[in-house]
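>
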Amino acid sequence: MAAMRATSSFLSRRGLLARLSADPLLRADNARHFLPGAFRRFSTAPAAAADEEPIKPPVEVKYTQLLINGNFVDAASGKTFPTADPRTGEVIARVAEGDAEDIDRAVAAARKAFDEGPWPRMTAYERCRVLLRFADLMEQHSDEIAALESWDGGKPLEQTAHGEVPMATRCMRYYAGWADKIHGLVVPADGPHHVQVLHEPIGVAGQIVPWNFPLLMFAWKVGPALACGNAVVLKTAEQTPLSALYVASLLHEAGLPEGVLNVVPGFGPTAGAALSSHMGVDKLAFTGSTGTGKVILELSARSNLKPVTLELGGKSPFIVMDDADVDQAVELAHRALFFNQGQCCCAGSRTFVHERVYDEFVEKSKARAERRVVGDPFKKGVEQGPQIDGQQFKKILGYVKSGVDGGATLVTGGDRVGSRGFYIQPTVFADVQDEMKIAQEEIFGPIQSILKFRDVGEVVRRANATHYGLAAGVFTSNLDTANTVARALRVGSVWINCYDVFDAAIPFGGYKMSGIGREKGAYSLRNYLQTKAVVTPLKDPAWL
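Numbered continuously in my numbering, the sequence shown closes out at residue 536.
#1: When DSSP labels each residue in this structure, what does Thr152 get in the three-state scheme?
#2: Can you tell me where the beta strand (DSSP E) with Leu302 in it begins and where it stops?
#3: To the nearest angstrom, report how far apart Leu8 and Gln383 are at their CA atoms.
#4: If you run the structure through DSSP and keep just helix, strand and coil, what is Phe467?
#5: Just how far apart, CA to CA, sit Pro261 and Val366?
#6: Taking Asp317 as the reference, which of Asn489, Ala431, Val300, Leu481 has the closest Cα?
#7: Identify which residue in Ser357, Gly377, Asp319, Asn254 has its Cα closest to the Cα of Phe64.
#8: Measuring CB atoms only, is the stretch 180 to 197 touching the stretch 136 to 145, in the sense that at least three cross pairs come out at less than 8 Å?
#9: Hey, would you say Ala583 sits closer than 8 Å to Gln425, going by beta carbons?
#10: Select from Thr152, Phe106, Gly437 the residue whose C-alpha is nearest the C-alpha of Lys544.
#11: What is the DSSP secondary structure of Val527, reduced to helix, strand or coil?
#12: In the DSSP assignment, find the unbroken alpha helix (DSSP H) run with Gly123 in it and report its ends.
#13: Do you know offhand how far Tyr166's Cα is from Thr301's?
#14: In chain order, which beta strand (DSSP E) runs of at least 3 residues are fully inside the stretch 367 to 416?
#15: Just how far apart, CA to CA, sit Ala400 and Pro148?
#16: For Ser357, which residues in the same chain have their Cβ closer than 6 Å to its Cβ, ignoring the five residues on either side in sequence?
#17: Excluding sequence positions up to five away, which residues of its chain have a Cβ less than 7 Å from the Cβ of Lys524?
#18: List the endpoints of the continuous beta strand (DSSP E) containing Ile488.
#19: Would you kindly check if the distance between the Cβ of Val486 and the Cβ of Ala514 is under 8 Å?
#20: What's the gap between the Cα of Ala534 and the Cα of His175?
#21: Once the 5 residues before and after Tyr520 are set aside, which same chain residues still bring their CB inside 7 Å of it?
#22: Please identify the residue among Val214, Arg113, Leu58, Met271 whose C-alpha is closest to the C-alpha of Leu234.
#23: Can we say the stretch 108 to 125 touches the stretch 336 to 346, given the rule of at least three CB pairs closer than 8 Å?
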């Protein structure tokens, strides 16, 4: 949810698979020389698990083409690109590679569907019923969806099957419920006028979703856009296009009219840039890096000044007070950072711990990291799968080196796991200082940085001393402390004695350079509605 944020990057990754074997950093025989001794400090069991023959995913890839105007079609150029299995780097399937011409086709289809089609003209209740039927189909096909999400993204199947697919389904039902509850106002005027305030669909919405949570971001963006009566052109990340294409087919099976949802997999410099700068797009929503968000904002401004919603990077503090139950705090901080292989925009990546409990916390965090089960995401009991690709893998190991070179104490981890794929050991650093790179930049990987503080005023000041402001966690048994810190932190979400609670009704987004606007909840509807005032004179009104 940082220059390398999870997203369909504007840096092309063509040729990635060919580069992996050539890069000495990515070869197993050189990995152990990256940080000498790190392998010896870590259990060998995860390495053995990662080297086992990968489990065959229980799903077939059915959809690899672009979805335009209700039909799956090839890219205009005929080009395709590989989507790879992070467990091995091997190709899962070749997917149609959309570019500017395909974005033009998709926007034209969406425009026609909005201007002439039935979707914005049918009753809100009927739109509600289509979205509910879609949610039912997601539930019926949940096994296939979860398997695709795990295969394409390297996520543990238990996470996708029991967490992400049910959450995405719930999100669609939530917005289905909103469809017939979006209404305007009648407001009093100072003279004899009848004033209506209408909330209208904004038109054609362009949406760009990231690779780290492709299914959830599909629901977070497509759900409110369709509930409001809009048409959508969605660009998937090139790393993880499969689940969005699959569920888009189910949405049409549920009765969505053609052209209302168009899905174009592709790369940032081509498809992403074309969508962001398209004169026929009325609104843009993007989840990804802060750097790429700036580019998208600029492209939108230079074209038709379309409004933009941005959910960007983070460097979220997780604050453990001295009155905390250390065992519980260690477990929660562990999950806050290592969830989804650390590839989470709101990961609790700066763990601030009070000096009175710091040493105990570090030792127990080390033990917990070394118990973390790393391996094939389709194997039961696995907590951590591979990183998304070789580029992210290399970047994370670079941050490990930076932490060591900068003077932080490498407590555990720091190397790859196994000899193939993109598995990395759960890594813990202690004695981290605010000015260190690992405390400043969004790593997007399984590296926990533990910092020491003395009092509330100090930790609030240090927690806020960042360009980011996405989320934070506070662990304390004192309600007054919790309230004081929660109100002082300049972030969009504060979790007290919990973390990563993502109910469909809870708004999510950031302060500062973590974004503009909010996803989820009623607040997300504002992103896809225009406000219109209609004023009519009244002749001899009985009342005003």
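Even for Gly, the Cβ is constructed at its ideal location relative to N, Cα and C. Quantities reported herein were computed from a predicted structural model and do not represent experimental measurements.
This is what the structure gives:
#1: helix
#2: 300 to 303
#3: Note that Leu8 has pLDDT 30, beneath the 50 cutoff, so the model's placement of it is unreliable and the number below is only indicative. Taking the straight line from one Cα to the other gives about 8 Å.
#4: strand
#5: 34 Å
#6: Asn489
#7: Asn254
#8: no
#9: For residue 583 there is no data in the structure shown, the boundaries of the chain being -7 and 536.
#10: Lying before the first or after the last residue shown, residue 544 is absent from the chain, which here runs from -7 to 536.
#11: strand
#12: According to the sequence displayed, residue 123 carries Leu and not Gly. 116 to 132 is the extent of the alpha helix (DSSP H) around Leu123.
#13: 20 Å
#14: 401 to 404
#15: 30 Å
#16: Val322, Val420
#17: Leu190, Glu192
#18: 485 to 488
#19: no
#20: 25 Å
#21: Pro193, Ile194, Ala197, Pro216, Ala217, Cys220, Asn222, Lys275
#22: Leu58
#23: no
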